[in-house]
Every structure is written in C-alpha cells, then in structure tokens.
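By our numbering, the letter at position 69 of the sequence shown is numbered 83, and the numbering carries on one by one without gaps.
Some notes on the structure that comes next.
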Amino acid sequence: MNVIKVRKNFLLDKDVIDKAQFIIKDKHKNLTEVINLYFKAIVKEPSILDTIEKSANKRTGSFIGSLDGEIGDIEYKEMKKDSLSKRDI
C-alpha cells in the first residue's frame, strides 16, 4: 500500500485517491471541496458515518462479498439457539 503524506499525521492511501480522482473530476469537484462536503454532511447527519463505513468496508467481486449485509452480528450461542428452535417446528 502506497501512502501519500499530506502533513505529519495526515496520511492517505494513494491507490484509493487515484481511483477516487476520476469520480471527483467527473463531478467537477476538487479534493478540498469533497472533504468540506464530507464534513458538512457529518455535522448535519452524524449517522451518515455508519453508512459510509459500511459502504467502504463492503467487499465486492467475490462470493463472500455477496453475503455482506446478509449475515448479522449474532453470537454463536444465539445462532445455535435459533437453529434448534427451527428444528422443533
């Protein structure tokens, strides 16, 4: 992973920036405008961070990626209990 160092503690993933550059240019924006819009959106709707994180971590192009969002965050004990209750039916 290549890193772009903007300032001492402000590092960005070069590959992600290169890929996003085309999308940003398509919308006639520059990186500064995009960052400002991002912060404005967070201030107006803090829950947007959850949506962005979910989207950023979503895997694509593989079988397991198609299961993103389909499998919940339940623990093994809950899953086992649910499975056993379905057998009784």
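Ideal Cβ placement from N, Cα and C applies to all residues, glycine included.
In this structure, A34 is the residue among A34, V57, K95 and E92 with its C-alpha nearest to the C-alpha of A70. With a contact defined as Cβ atoms closer than 8 Å, I62 and A55 qualify at about 5 Å. With respect to L26, I18 sits close: the two C-beta atoms are nearer than 7 Å. Here L45 has I38 as same chain residues with Cβ atoms under 7 Å from its own Cβ, once five neighbours each way along the sequence are excluded. Membership of K39 in the alpha helix (DSSP H) is indicated by the continuous run K28 to D40. Counting along the chain, the unbroken beta strand (DSSP E) around K19 starts and ends at V17 to R21.
Boundaries of the alpha helix (DSSP H) around N50: L45 to K58. Under DSSP, L98 takes part in no beta bridge, so it has no partner.
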